[in-house]
Each structure stands twice: as C-alpha cells, then as structure tokens.
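Note sheet for the following structure.
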Amino acid sequence: MSSVIETRGLGKRYGRAWALRDCSLAIPAGRVVALVGPNGAGKTTLLHLAVGLTEPSAGDIVVLGDIRPGRDKALTRIGFVAQDTPLYPTLSVADTMRLVSCLSARFDEAHARARLAAIDIPLSRKVGHLSGGQRSQVALAVALARHPELLILDEPVARLDPLARHEFMAALMTAVAEDGISVLLSSHVVSELERVCDHLVVLAEGRTQVIGDVEDLLASHRVLTGPVGQAEAVLGGAVVVSENRTERQATLLVRDADRITPLPSWQVQETNLEEIVLSYLRFPQASALPGPALNRAVSA
Amino acid sequence: MISTLVDVPRTACHSLTMKIDKGSSGSAIEFRLDGGSGVPTYLQLVHQVEHALRLGMLVPGDQLPKVKDVVAALAINPNTVLKAYRELEHKGLAVGRPGQGTFIDATLDVVPVREQQSLRRSLMRWLTTASDAGLDEHAIKALFTSALYDLSRQRGEAAS
Amino acid sequence: MTATTVAPGRWGLPRLGGLPWVTWRQHRLAIAGLAVVFGGVSIFLLFNGLAMHHAYVKTGLSSCGNPNGASCQIPLDIFSSKYENWAQLTPRFLAFLPIATGIFIGAPMVAREIETGTFRFAWTQGRNRVQWITVKMVLVGIVLVVMSLAFSAVFTWWFTPWDSLMGRMTSGQAYETEGIVFAARTTFALTLGALLGTLIRRTLPAMAATIAAWLAVVWPATVYLRPLIMKPIVVSASTQIDVSRTWTIDDWYQDRAGHRLKAYQMDQLVQQARQDGVRSRKDLAHWMTQRHYTERISYQPGNRFWHFQTVEASGYVVLTLLLAGATIWWLQHRTV
Numbered sequence: 001m002s003s004v005i006e007t008r009g010l011g012k013r014y015g016r017a018w019a020l021r022d023c024s025l026a027i028p029a030g031r032v033v034a035l036v037g038p039n040g041a042g043k044t045t046l047l048h049l050a051v052g053l054t055e056p057s058a059g060d061i062v063v064l065g066d067i068r069p070g071r072d073k074a075l076t077r078i079g080f081v082a083q084d085t086p087l088y089p090t091l092s093v094a095d096t097m098r099l100v101s102c103l104s105a106r107f108d109e110a111h112a113r114a115r116l117a118a119i120d121i122p123l124s125r126k127v128g129h130l131s132g133g134q135r136s137q138v139a140l141a142v143a144l145a146r147h148p149e150l151l152i153l154d155e156p157v158a159r160l161d162p163l164a165r166h167e168f169m170a171a172l173m174t175a176v177a178e179d180g181i182s183v184l185l186s187s188h189v190v191s192e193l194e195r196v197c198d199h200l201v202v203l204a205e206g207r208t209q210v211i212g213d214v215e216d217l218l219a220s221h222r223v224l225t226g227p228v229g230q231a232e233a234v235l236g237g238a239v240v241v242s243e244n245r246t247e248r249q250a251t252l253l254v255r256d257a258d259r260i261t262p263l264p265s266w267q268v269q270e271t272n273l274e275e276i277v278l279s280y281l282r283f284p285q286a287s288a289l290p291g292p293a294l295n296r297a298v299s300a
Numbered sequence: 301m302i303s304t305l306v307d308v309p310r311t312a313c314h315s316l317t318m319k320i321d322k323g324s325s326g327s328a329i330e331f332r333l334d335g336g337s338g339v340p341t342y343l344q345l346v347h348q349v350e351h352a353l354r355l356g357m358l359v360p361g362d363q364l365p366k367v368k369d370v371v372a373a374l375a376i377n378p379n380t381v382l383k384a385y386r387e388l389e390h391k392g393l394a395v396g397r398p399g400q401g402t403f404i405d406a407t408l409d410v411v412p413v414r415e416q417q418s419l420r421r422s423l424m425r426w427l428t429t430a431s432d433a434g435l436d437e438h439a440i441k442a443l444f445t446s447a448l449y450d451l452s453r454q455r456g457e458a459a460s
Numbered sequence: 461m462t463a464t465t466v467a468p469g470r471w472g473l474p475r476l477g478g479l480p481w482v483t484w485r486q487h488r489l490a491i492a493g494l495a496v497v498f499g500g501v502s503i504f505l506l507f508n509g510l511a512m513h514h515a516y517v518k519t520g521l522s523s524c525g526n527p528n529g530a531s532c533q534i535p536l537d538i539f540s541s542k543y544e545n546w547a548q549l550t551p552r553f554l555a556f557l558p559i560a561t562g563i564f565i566g567a568p569m570v571a572r573e574i575e576t577g578t579f580r581f582a583w584t585q586g587r588n589r590v591q592w593i594t595v596k597m598v599l600v601g602i603v604l605v606v607m608s609l610a611f612s613a614v615f616t617w618w619f620t621p622w623d624s625l626m627g628r629m630t631s632g633q634a635y636e637t638e639g640i641v642f643a644a645r646t647t648f649a650l651t652l653g654a655l656l657g658t659l660i661r662r663t664l665p666a667m668a669a670t671i672a673a674w675l676a677v678v679w680p681a682t683v684y685l686r687p688l689i690m691k692p693i694v695v696s697a698s699t700q701i702d703v704s705r706t707w708t709i710d711d712w713y714q715d716r717a718g719h720r721l722k723a724y725q726m727d728q729l730v731q732q733a734r735q736d737g738v739r740s741r742k743d744l745a746h747w748m749t750q751r752h753y754t755e756r757i758s759y760q761p762g763n764r765f766w767h768f769q770t771v772e773a774s775g776y777v778v779l780t781l782l783l784a785g786a787t788i789w790w791l792q793h794r795t796v
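Protein chains in written order, with our numbering: chain A, 1 to 300; chain B, 301 to 460; chain C, 461 to 796.
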C-alpha cells in the first residue's frame, strides 16, 4: 500500500459554505505528514472525513488502500486524536484505557501502562484533573496502544507549553521509530514541523495549495535577492511563488530554483519550511501540486 | 560543510557543546540541535559526529546513539537520524551492523596543533589586510562564505 | 494482545468487556440513581404497606363484604382517614417516574457526547456509532424493564387493599403503576430521550424537550385513546354492579326515547326538580324516574385490566421500537 489516504475531488459543505473543496491528494505511507494551513482552512474537516466522523458532500476518499472511512476495518487500523484531546473528564486514566480496550479490536495495555509510567502519570487520577500536556500524553498513549497503521492527530500541540510540546513530539517520534507507523498531523504552527515531518500538505481556504516532500520543497525553493531591474532576467525557468519589491531591490521566493539564471549581483539563499509555507499562504494563486504523479496514485 | 570549518575555531575557544556520557544511553555522545542555524538537522548530526571524531572523543568501535534514543531526546523524525547515519556510512566514517546499531569505523585526520596554529596566523594576516582594505565584518564573512562555497564546488567537481 | 481479559474481577465475577462495559461505565451513575429512587420508594412502600395491610385487616374492612355496603362504612371511614391521602397522591406522583428515565439516561446518551465533543473519541476507537448506540439502548432498556417491572410488583403489593376497594382500572390511580404499562412507558421515555438528544444535540434542551414530548404523547393517550381500547359496557344505574371496582367513564340521563340529555336540558330539569322540592340525589333519581328518564352508566369492568394493560403497553413498546430505530438511523445518516 503506497498511500494511506487518497482523495479525489473531495469536498465538504456545511450549509452553504464549503469547508473543503476539490481536494485531491495522496498521503504516502510510512511518513510523518504535516497538514498545515490557517484556521478555517479545512484541516479538521479533512481529518474528520478520513476517520469517518463525517461524510463527503462531493468527491471521494479512501484510506489504507481501498477502504471507506468509518468502516470497522478502517476504524481498527487508524488511530485518531482529535483537537483538544477529547477524553471523558470524569474517567480515571485507568478507566480510559479500559474504555479504549473495550472499543478496540486490539489494545496493548502493558505498552500503554509502560508509556504512562515513564512520564509519571498516575493511573488513578481523573482525566479532568490532568494538565493539558498530561492529557495529550494519555490520548497519545491509548491511541498508540491500539497499534494502528496510521495515526491521525488534529493540532495535537496547539495548546501545550513548550516543554509539553517537546515531550509529546518525542513520544510520537519514538513510536514512529519503534513501530514504523504513518502519521498525519495538522498544525497551524509551521516552525516546529520542519524537524518532525518529511511530507507536507498545505491547505488554504478549503483547497490544497502545496503537496510534497519536505526535502524536495527545501531543495527546489530558493530566496533570490537583487536589483529590481533584473528580476525577470534572473528568473529564467523558475516560478515565482512570492515577491517583495521596493524601488531598488526585489526579494523573490522561487520554485524550481535549478532553472534560475545566475547573475552576479544576485544572492541565492536557501530557505526554511516556515518561509515557504507563509509565502504560499500569502499568495494564494501560487501552488506546488504534483501533477501526473498524483493522478496515477489516485486511480491505482 | 561550510559551517563545519567555521565551527572549529569557535569551539576551540568555547566550551564543548557535547556531553561525553557513556553511562545512560550507552553511547559516547549525545546530540543537540540548533534550531535557528538554518543548517539541516541531519547535517547537524553528521557534523557533531565528525567534530567528536576530530577531537578524539569518538574512536573506532564506539556505538552511535540508537535512533530511538536520539528521537526520544530531540523529538525529530527518525528518518532524519537514519539519513545522518547513512551519510556517515557514505563518508566511510561509520558502519551499520544489522540488529546492533551504527558504529564508528574510521578516524578523521586530526590536524596537528602546530599546523593549526600556523594556519591561524596566516588567517589573521589575511583578516588584517581585508580590514585595512575597508571591509567590515559582514563583508568579510560574505566574501569568505562565497569563496568557501566555490572551493567546495570545485572539490566536489574534482571528486566526481 | 486481546481486548478483554477473562481474569475475574473484584468479586470473582467474570469481567465485563466490550460495549457492555462501556455502557455500564458511562451510565452507571444514572442507573444507580434511578435504582436508589426505585429502591427508596420501595422501602417506603414496604413499611407503609405492612402497616396499611395490617390496618386493612384490623379495621375489619377485609371481611365486611361489599365496600359500598352499610357494614363496611365505619371500617372504611377509619381506614380511609389514615391511608386515603397516600392512596391518592402516591400513584399520581409515581406515574411520572418514567420521565426521569428519559431525562437522565435517554437525553444525555447522545446529546452529551456531541455537546462535549467526546464523540470524536468514542466513535473512532474501532466500534462504529451504530453498534455503540444499539448496545447502549438495548442493555439500558433491559435493565430499566427489569427495575420497573419489579417496582410495579412492589407497588401492586402495596396497593392491594385499595385494589379491593377501588379496583385497578381507574385512571390516575393504580392503573399507571401496576401491571406492565409502567415498564412500557419507561422504555418509551428512554428512547424518546435518546432520539431527541440525537436531534437536538444539547443535553439540557433535549431534557426539556423529552419532558414536553412525553407529556404530549402520554396525556392524550390516556385521556382519548385508552377508552377506545374496548367498548365500555353501558348499563342502567339501577343495575347492581359492583361499581366500586370498575372504571366509571361516564354517567348520564337519557329520555324515554333513548336520547342522552344535554347539559342545558339537565340544568333545566334539575331546576324544575328543585322547585318541586327535591333536595337529595336519591330524591332526584326518584323524581327523574317518575318522568321516565333513566340514568345510564358506562364503565370498564375490572376484569378487563390485563387486556387494557397489554394493549396499551404494546402501543408504547411499538413506539419504543420506532424511536430506537429512528435514533439509530439519524445517528448513522445525519449526525456529523
């Protein structure tokens, strides 16, 4: 199975407004995939469609090869941690584990207990009395104890302090290292994703804008700085994603940087993921979507 | 590659950024990340290993930290660590033994102290000349970086 | 690793697993609360009942024959003065107990999950929402049926003296709490709450809606539908029937031709009778008979109790099944 989630023209409408529109993508297996975009871009909608919490209004979506989301087969193989980690606040941690074990086909209780013991979370404490970071760890621990093939997380660290964020990500990455699970996590904070994710999907206003490997994106995008008069000349075959021009100077973020015409007065710099994402979000008409490759994946 | 050569003089003056801790993880070094440096994560790991080799803190036979441990400490993608270790293998510095881990396999030529001192003196002379010519710190850095880039490109072309 | 361990629990009972445990864990407080209410009332009925039964025998009411007869007057007065209030008020209050089920268990079942967002956790662990709600409604329904049937039995025992005196058929008295209608209304309330919770998606409004809907169904059903179950028997008032043990539906006068006298006609006649010097009901009856007006009574005899109970309970059971089905359908197809 080469992709864990495939969508074709997927759309979801609430009333008159389209939360997600014409979304076609293939999320590769065995990766840590980031789904980024501003609030209201449709990230939560897409994730909810993937776990069967809601039905598409248009297009279709399959998970783990060819299963429709929401089917038992999909539910047992996909783990999900929703936004703000909804757990039952009156249940103790131990009871929460029991609840998940009763609802899941497989539950590795020893695994979950070990994980929680390692971070000093008492099993008898009620979930409602835990801190935000501890709740996230509990949600992650029970999700991982189900040994899913794909773990989906909706803004898992949005409300966490830096230490809790680090501990959460460390726990998640350890699970990826140990079990090789695929991860899809959404976030509206990009800066910390660069060292965690190796594949990126950018959603803006309900549509996909960027899809690609983080490595490829970093390799193919460059920031050019130089005299504004030569801006067209230096471009060559590259595509401008975003630009900033003053009277004298132009700063361009370009794609397909290997096609630029090197000119002496121009500075070529590497960029980072946050700058790339922000540039695309600021210029919605730009996009970096895989073309024929995507269609091949979806129709397979 | 650029930042490695720049790093050396700096760490010669300041305290080491690595811990030698054979106890807890059973490995000789622990990695750290500099998030703001702009250097790709995997390269930072590679450089830190090379650094340790150069200073003699890592010797052939030492085991590099397990991927799981690096990931748990730094919260980075395991593929990044794998990529770093592959790069070290590609450079011939390390070798992976299936089921056991990745081990140091070679040494880096340690540049003798006398040669380092002589290089430092000629560098100071050049810096004085550049400064007298009117270049400020940033201009010097830019010139140096650009020349280093050209050098590594030449070396790279020569190698291939 | 398998989901459920077979190791015995705390008291050596087999450990509950799967959706049954989930149901228990989420609703145990509400079910326990209802058990406390049923149990508490039962204990009260037990103590009160023992005293009441004792008094029923001691005053001689149990052995004096027809309760309407002269020999029973004094025992009846003694007995009633002490226990009539209980007999009147308690059944009226208990008839509303089924609503509590709907409010406290049915309405929050789905509404709470959606309101607090925990459905995003509950429905993504491997069991889909249809299985989840079905098991919940079935298991909770069974527990409620058992509890309410047991309670009805306790009540029936308590009310035995009054059943002998008044019969079981009278609305608003024993009928709603004895027999099987009580249990049927309880399951009806449960599924009504569940459906309204699913539609309204907020717990408190769903609770309010459940009360309103329950009343809107039960009250008209009691007043308008129940009499239709079986045609009442119509006799003339002079017939010696044991009127006390029946449910008197109506009584009226009709003229010689058999037409029922209307209210204004009755008023006129009563005025006339007064002018003629009639003062008591007995005299009025005599005066009317002289003018060839006969008094008629329509009633449902007490031996029809179980027929009525069965028909009415079946109606509520059918409603229960329809509501449960609607809940499942709506949850699957419309709830996001």
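For glycine and all other residues, C-beta sits at the position ideal for the given N, C-alpha and C.
Owing to the predicted nature of the structure, the values given are computational and were not obtained by experimental measurement.
Asked                                                                                                                                                                                           : Found
Roughly how many angstroms separate the alpha carbons of Val677/C and Trp583/C, rounded to a whole number?                                                                                      : 32 Å
Using 8 Å as the threshold, is the segment 538-550 of chain C in touch with the segment 504-518 of chain C, meaning 3 or more CB pairs across them?                                             : yes
By the three-class DSSP mapping on this structure, what secondary structure does Trp707/C have?                                                                                                 : strand
Which bits of chain C does Gly133/A rub up against, with CB to CB less than 8 Å?                                                                                                                : The premise fails here: Gly133/A is roughly 18 Å from chain C at the closest Cβ pair, so nothing lies under 8 Å.
Return yes when the C-beta of Pro290/A is under 7 Å from any heavy atom of the ligand SAM, and no when it is not.                                                                               : The ligand SAM is not part of the structure shown, which contains no ligands of any sort.
Within the continuous beta strand (DSSP E) that includes Asn244/A, where are the two ends?                                                                                                      : 239-245
Spell out a yes or no on whether the segment 614-625 of chain C and the segment 567-577 of chain C are touching, meaning 3 or more CB-CB pairs, one atom from each, closer than 8 Å.            : no
Is the Cβ-Cβ distance between Val138/A and Val127/A less than 8 Å?                                                                                                                              : yes
Counting only C-beta atoms, is Arg98/A closer than 8 Å to chain C at any point?                                                                                                                 : yes
Counting only runs that start and end within the segment 345-374 of chain B, where is the alpha helix (DSSP H) found for 4 or more residues in a row?                                           : 367-374
Just to confirm my understanding: we take Pro156/A, look at its own chain, exclude 5 residues before and 5 after, and list those with CB closer than 7 Å. What are they?                        : Val81, Ser136, Phe168, Leu185
Using a Cβ-Cβ cut-off of less than 7 Å, give me the residues of the segment 169-196 of chain A that come near chain B, in sequence order.                                                       : Met169, Ala170, Met173, Thr174, Val176, Ala177, Glu178, Arg195, Val196
If the cut is a Cβ gap below 7 Å, which residues of chain B does His166/A touch?                                                                                                                : Ala375
Please classify Arg589/C as buried or exposed, where buried requires at least 16 other C-beta atoms within 10 Å of its C-beta.                                                                  : buried
Return the CA-CA distance between Tyr724/C and Gly529/C, expressed in angstroms with no decimal places.                                                                                         : 34 Å
For Arg756/C versus Ala697/C, is the C-beta spacing smaller than 8 Å?                                                                                                                           : yes
Excluding five sequence neighbours on each side, which residues of the same chain lie with their C-beta closer than 8 Å to the C-beta of Ser92/A?                                               : Leu123, Ser124, Arg125, Lys126, Val127
Got a sec? Which residues, its chain only, sit under 6 Å from Gly323/B by beta carbon, not counting five neighbours each side?                                                                  : Residue placement at Gly323/B is poorly supported in this model, since its pLDDT is 43, which falls under 50; the coordinates are not used for a value here.
At which residue ranges does the segment 113-152 of chain A contain complete alpha helix (DSSP H) runs of 4 or more residues, listed in the order of the chain?                                 : 132-145
Tell me whether the beta-carbon of Gly477/C lies closer than 8 Å to the beta-carbon of Ser104/A.                                                                                                : no
In the DSSP assignment, what are the bridge partners of Asp757/C?                                                                                                                               : The sequence given here places Ile at residue 757/C; Asp does not occur at that position. Ile757/C pairs with Val695/C, Asp711/C.
Would you say Thr429/B lies against chain A (beta-carbon separation less than 8 Å)?                                                                                                             : no
Mind checking whether Ala560/C and Gly653/C have CB atoms under 8 Å apart?                                                                                                                      : no
Between which two residues does the beta strand (DSSP E) holding Ala250/A run?                                                                                                                  : 249-255
Which residues in chain C sit within 9 Å of Val93/A, going by Cβ to Cβ distance?                                                                                                                : Chain C residues near Val93/A: none, gap ~14 Å exceeds 9 Å.
Might you give, ordered along the chain, the residues of its own chain that have their beta carbon closer than 6 Å to the beta carbon of Leu609/C, omitting 5 neighbours on each side?          : Ala643
Determine the chain A residues that contact Arg587/C at a beta-carbon separation under 7 Å, and present them in chain order.                                                                    : Leu103
Quick one: is Arg739/C buried, meaning 16 or more other Cβ sit within 10 Å of its Cβ, or exposed?                                                                                               : exposed
Would you identify the three-state DSSP class for Val605/C, choosing helix, strand or coil?                                                                                                     : helix
Could you tell me the boundaries of the alpha helix (DSSP H) in which His390/B lies?                                                                                                            : 378-390
According to DSSP, is Phe444/B part of a helix, a strand, or is it coil?                                                                                                                        : helix
Could you tell me whether any Cβ in chain A is nearer than 8 Å to the Cβ of Thr670/C?                                                                                                           : no
Could you work out which residues of chain B lie near Glu270/A, taking near to mean beta carbons separated by less than 8 Å?                                                                    : Gly338
For the beta strand (DSSP E) that contains His199/A, what are its first and last residues?                                                                                                      : 199-204
Here's the rule: buried if 16 or more other CB atoms are within 10 angstroms of the residue's CB, otherwise exposed. What is Ala74/A?                                                           : buried
Please go through the same chain and pick out, in chain order, the residues whose beta-carbon is closer than 7 Å to the beta-carbon of Leu781/C, but skip the five residues on each side of it. : none
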